[in-house]
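Line by line, the protein sequences give chains Z and X. Going by numbering that gives the first Met the number 0, the final residue of the first sequence carries number 488, and the count climbs one at a time with no gaps. Going by numbering that gives the first Met the number 0, the final residue of the second sequence carries number 374, and the count climbs one at a time with no gaps. Virtual Cβ for every residue (Gly too), placed ideally from N, Cα, C.
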Amino acid sequence: MLFNSYIFLFAFLPIVLGIYFPLRLTNRERAAKLFLIAASLFFYGWWEWKYVPLVLISIGVNYGMSVWLDRKPAIAKPILIATLIFNLGLLGYFKYANFFVETFDALTGMELTFRKVLLPLAISFFTFQQVAYIVEVYKDRKAAQSLTDYGLFVLFFPHLIAGPITHHKEMLPQFAVAGRGPLPWFYLTTGLTILILGLGKKVIFADTLAKIADPVFAAARLGDPLTAVTAWTGALAYTFQLYFDFSGYSDMAIGLALMFGIRMPVNFASPYKATSIIDFWRRWHISLSRFLRNYLYIPLGGNRQGPVRRHLNLMITMALGGLWHGAGWTFLAWGVLHGSYLVINHLFRQVAGKRGNPARDLFGWALTFLGVVVAWVLFRAETFDSAALVLKGMVGVFPADGLYVRDVLPIEFVSIAIAAMVAFFLPSSLELARYPHAIPGGEYEAAEAPLKPRRWPLSPPVTALLLGVVFAIVIAKLPDPGVFLYFNF
Amino acid sequence: MRDFLKLIGLGALATVLTLVGMTLLPNTPYVRWQSVRTEAFARLGWMYERVHYDKTPLDVAFIGTSHSLNGIDAAVVAQGLAAAGLRDAQGRCPTATNLAIPAYGRNLHWVIAREALENRKIDLLVVEVFENETRKAHPVFAQVATAKDVVTAPALINVGYPMDVARLPFRQLMLAMKSAAPSAYGLKSRFDPADYDGSTVDNTRVVNVAGAELTPSRDITLPADELEKVAAGNNAAKDLNMLPKRFERFEYAVPNRYVREILDLAKAKGVRVVFLYLPGYGKPQRPYDMRLYDGHGDMIFPAADLIRDNSLWLDVDHLNIEGAHRLSTRLPAMLAPELQAVGWRAQAGAPTSSCTNGQPPRAKLLPFRKVHANG
Numbered sequence: 000m001l002f003n004s005y006i007f008l009f010a011f012l013p014i015v016l017g018i019y020f021p022l023r024l025t026n027r028e029r030a031a032k033l034f035l036i037a038a039s040l041f042f043y044g045w046w047e048w049k050y051v052p053l054v055l056i057s058i059g060v061n062y063g064m065s066v067w068l069d070r071k072p073a074i075a076k077p078i079l080i081a082t083l084i085f086n087l088g089l090l091g092y093f094k095y096a097n098f099f100v101e102t103f104d105a106l107t108g109m110e111l112t113f114r115k116v117l118l119p120l121a122i123s124f125f126t127f128q129q130v131a132y133i134v135e136v137y138k139d140r141k142a143a144q145s146l147t148d149y150g151l152f153v154l155f156f157p158h159l160i161a162g163p164i165t166h167h168k169e170m171l172p173q174f175a176v177a178g179r180g181p182l183p184w185f186y187l188t189t190g191l192t193i194l195i196l197g198l199g200k201k202v203i204f205a206d207t208l209a210k211i212a213d214p215v216f217a218a219a220r221l222g223d224p225l226t227a228v229t230a231w232t233g234a235l236a237y238t239f240q241l242y243f244d245f246s247g248y249s250d251m252a253i254g255l256a257l258m259f260g261i262r263m264p265v266n267f268a269s270p271y272k273a274t275s276i277i278d279f280w281r282r283w284h285i286s287l288s289r290f291l292r293n294y295l296y297i298p299l300g301g302n303r304q305g306p307v308r309r310h311l312n313l314m315i316t317m318a319l320g321g322l323w324h325g326a327g328w329t330f331l332a333w334g335v336l337h338g339s340y341l342v343i344n345h346l347f348r349q350v351a352g353k354r355g356n357p358a359r360d361l362f363g364w365a366l367t368f369l370g371v372v373v374a375w376v377l378f379r380a381e382t383f384d385s386a387a388l389v390l391k392g393m394v395g396v397f398p399a400d401g402l403y404v405r406d407v408l409p410i411e412f413v414s415i416a417i418a419a420m421v422a423f424f425l426p427s428s429l430e431l432a433r434y435p436h437a438i439p440g441g442e443y444e445a446a447e448a449p450l451k452p453r454r455w456p457l458s459p460p461v462t463a464l465l466l467g468v469v470f471a472i473v474i475a476k477l478p479d480p481g482v483f484l485y486f487n488f
Numbered sequence: 000m001r002d003f004l005k006l007i008g009l010g011a012l013a014t015v016l017t018l019v020g021m022t023l024l025p026n027t028p029y030v031r032w033q034s035v036r037t038e039a040f041a042r043l044g045w046m047y048e049r050v051h052y053d054k055t056p057l058d059v060a061f062i063g064t065s066h067s068l069n070g071i072d073a074a075v076v077a078q079g080l081a082a083a084g085l086r087d088a089q090g091r092c093p094t095a096t097n098l099a100i101p102a103y104g105r106n107l108h109w110v111i112a113r114e115a116l117e118n119r120k121i122d123l124l125v126v127e128v129f130e131n132e133t134r135k136a137h138p139v140f141a142q143v144a145t146a147k148d149v150v151t152a153p154a155l156i157n158v159g160y161p162m163d164v165a166r167l168p169f170r171q172l173m174l175a176m177k178s179a180a181p182s183a184y185g186l187k188s189r190f191d192p193a194d195y196d197g198s199t200v201d202n203t204r205v206v207n208v209a210g211a212e213l214t215p216s217r218d219i220t221l222p223a224d225e226l227e228k229v230a231a232g233n234n235a236a237k238d239l240n241m242l243p244k245r246f247e248r249f250e251y252a253v254p255n256r257y258v259r260e261i262l263d264l265a266k267a268k269g270v271r272v273v274f275l276y277l278p279g280y281g282k283p284q285r286p287y288d289m290r291l292y293d294g295h296g297d298m299i300f301p302a303a304d305l306i307r308d309n310s311l312w313l314d315v316d317h318l319n320i321e322g323a324h325r326l327s328t329r330l331p332a333m334l335a336p337e338l339q340a341v342g343w344r345a346q347a348g349a350p351t352s353s354c355t356n357g358q359p360p361r362a363k364l365l366p367f368r369k370v371h372a373n374g
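Take a look at the structure:
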């Protein structure tokens, strides 16, 4: 079920809120939580019911192993290893088996056959959350107190499909008190505001930009060389599409969770305002960066074993981060490219120092944005050949004949320019909604993201009218919804 | 609680007013007809130009689906009629124009027929007929019809109706923006004869729009066994009444309404109608039910043997080049009496050297592959 669909906005969400709140207001806490779990499973099963048992098994195994690990310290390590093998095995089978077999066939010339496996929705997200959980239980010997709370931590529908990747230490205490007593109205108003802004980012910006980017990459896939204007148009449109798509989804998840009284971590903080690639990764998909830092980069040794090892760890972390997005060599190359950027950025800081000045920041911003755009070409293209065609077009290397000539429409330039101005110059939707700073207990989430909450100058009634206009445009576009790019990962 | 409800109420009011305001936005018909740019549906822009800007007479007009679009070369039909000596009172040769569009759906046929009948003098309207009417509305009806057409379409057993209405506010917003600045969206603000497909466009060899090929050459024959297999499967799956028979008028409410609209308008304008039976391969020799057509015009069966000849089909629904050629060359003999019935005279041995089909077609088409990438 898509957040940007009639069935979700006008049936599922009102019904779930309409049942959850009476349960909550009458202090039927356990019933409220169990209802949310059931609603989340319905939400997940709407896409493909046969994978519901898979996610339930995954939750059951992880929870059971964590309780066992907690109670049997003597065999904690084997339990941890077994649980990690289970989690990574699931991920490996469903997400990477096809890729490994195809790669093996390509390298050896053999023709091993493997039944194509359909990627279960959200498997990368719910697996990573549970890997972090089991590792932390191993460290702290503190398993979740309740299977209900743990189930809700994994299944809670706002973040189940495409994150943010939540951490049990910030979520379980919230779920422990979920469903208890009245919820201040501002949770609903702020949540609804963020949800509508997220829908606007997705439906108005991302889906419009997709129509500009898709034909360009489709042409490259067919092997047609691109002109410089066409290639840049495609690359820039995709750059902004991905941002508005994924950050819009994250906003929707945050807004929806808030309507149920739950704070989600911030996932985006105006990443295209970053003045360095290090800064970019503090602003882009923050929950994934945090996971990779805590459960891959630091366990690999982080920066504790000298500069060479540090840079190697960075490269490994980013390469695997690339592979997390998809089982393909272009994703791996995207990760390696960003790893290289980060290594260069760290080396530069060692030489030039961290302190910036306006000129350096401006240059850094331009270079960072350029590097990110180039890398997104690898991320979007399905093969190296098609990525090469787009990149060659961008640098003006194309044959005189056989060109894919696509007249870029003036409205497409305007659309990209508007998207750029919003991404570069306007406060983010969360800054406008003063999230998480204005939410009680939101200090932790606020500390994790470089957001600057803004003072909103308009009165609540005027704001409600403006949001009503945005929502009207959103629902006017709902009959033809675009897919969320991160559903593939 | 009260403040919260007040804010929600204000937001909801703004949403409703915005949606209503969007729906009421005006647009330019020429832009609306051009704005459908998906594959061969983009022929709609040419149709508007042919009807409104190309002053070449529009004597015979074909209305139908891809069966007619890919099966009838209107220029061949016009040449055949001219060769048969047909001339009007001033001695002018007849023209034929193919206004067919892919996909079935009588509501779009009505929109096209109305545009032609209300704006041009047409002598003969040739309406394509299958073995049975389809219950479905046309997929692009809601993109090219007026807002009023969309809202006043039959709501009962019209599966596309709710979504057509739901799409209306955004469609109107986009059309208003496109009407304000057509060139920004790659649309023409005014007719340009230099950028026109011509008075007669042939889609039997390759399907083409705006100077670009949308398909490879249609000189393909589907292997006979495959053709038979697909045709047998289609015939076995045929279900004329998904609802009990007594609800048939509801089940077929959409096609019945729009076929009647076409026939009523043609009658009001004094235009003769001919029904052209053109089903797919292996279909029955006649429609299952003739009641909708009886008394409104003759039905012609030029493809009676073609629908049994498996060498003439590109796929189970479409004749290939050879099949289209045979069909196109047969039509003049069947249409000539119909034209004569409305005042055209047959002059034996009349010269055809002065006959033209109006504006010539484009000299060069962009090859198929390059265009395909545009999608």
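Classify residue i as buried or exposed, calling it buried when 16 or more other Cβ atoms lie within 10 Å of its own Cβ.
i, result
"Tyr-287 of chain X", "exposed"
"Leu-106 of chain Z", "exposed"
"Thr-64 of chain X", "buried"
"Asp-53 of chain X", "buried"
"Phe-246 of chain X", "exposed"
"Asn-356 of chain X", "buried"
"Ser-458 of chain Z", "exposed"
"Tyr-237 of chain Z", "buried"
"Tyr-443 of chain Z", "exposed"
"Tyr-340 of chain Z", "buried"
Where does residue i fall in DSSP's three states?
i, result
"Met-298 of chain X", "strand"
"Ala-11 of chain X", "helix"
"Leu-155 of chain X", "coil"
"Tyr-19 of chain Z", "helix"
"Ala-268 of chain Z", "coil"
"Glu-101 of chain Z", "helix"
"Arg-285 of chain X", "coil"
"Asn-302 of chain Z", "coil"
"Leu-55 of chain Z", "helix"
"Val-468 of chain Z", "helix"
"Glu-212 of chain X", "strand"
"Ala-340 of chain X", "coil"
Where do the N-terminal and C-terminal ends of the beta strand (DSSP E) with residue i fall, by residue?
i, result
"Leu-425 of chain Z", "Note, Leu-425 of chain Z: premise wrong, no beta strand (DSSP E); not H, not E."
"Val-59 of chain X", "59-62"
"Phe-274 of chain X", "271-276"
"Ala-387 of chain Z", "First-last for Ala-387 of chain Z: 383-393, but that is the alpha helix (DSSP H), not the beta strand (DSSP E)."
"Thr-96 of chain X", "95-97"
Give me the residue from the options with the minimum Cα distance to residue i.
i, options, result
"Thr-220 of chain X", "X:Ser-353, X:Tyr-251, X:Pro-301 and X:Glu-321", "X:Glu-321"
"Leu-194 of chain Z", "Z:Leu-313, Z:Val-469 and Z:Glu-28", "Z:Val-469"
"Ala-82 of chain X", "X:Gln-89, X:Arg-31 and X:Ala-74", "X:Ala-74"
"Ala-437 of chain Z", "Z:Lys-451, Z:Leu-425, Z:Pro-426 and Z:Phe-424", "Z:Lys-451"
"Gln-284 of chain X", "X:Thr-214, X:Asp-304 and X:Gly-296", "X:Asp-304"
"Glu-28 of chain Z", "Z:Leu-159, Z:Phe-98, Z:Arg-179 and Z:Ala-73", "Z:Arg-179"
"Gly-88 of chain Z", "Z:Ser-57, Z:Arg-70, Z:Leu-117 and Z:Ala-73", "Z:Ser-57"
"Thr-15 of chain X", "Z:Thr-192, Z:Ala-463 and Z:Asp-479", "Going by the sequence as given, residue 15 of chain X is Val instead of Thr. The candidate whose alpha carbon is nearest that of Val-15 of chain X is Z:Ala-463."
Would you please state the rounded distance, in angstroms, between the beta carbons of residue i and residue j? I believe it to be under 8 Å.
i, j, result
"Glu-114 of chain X", "Val-35 of chain X", "13 Å between Cβ atoms; not a contact."
"Phe-267 of chain Z", "Ser-249 of chain Z", "6 Å"
"Val-128 of chain X", "Val-150 of chain X", "At roughly 28 Å, the Cβ-Cβ gap does not stay under 8 Å, so Val-128 of chain X and Val-150 of chain X are not in contact."
"Glu-250 of chain X", "Arg-134 of chain X", "6 Å"
"Ala-358 of chain Z", "Val-335 of chain Z", "So it is not a contact: roughly 30 Å between Cβ atoms."
"Met-263 of chain Z", "His-158 of chain Z", "6 Å"
"Leu-477 of chain Z", "Ser-4 of chain Z", "6 Å"
So the alpha helix (DSSP H) residue i belongs to, where does it begin and stop?
i, result
"Arg-387 of chain X", "Beyond the ends of chain X as shown, which are 0 and 374, falls residue 387 of chain X; an answer cannot be given."
"Asn-202 of chain X", "Asn-202 of chain X -> no alpha helix (DSSP H), and no H or E assigned at all."
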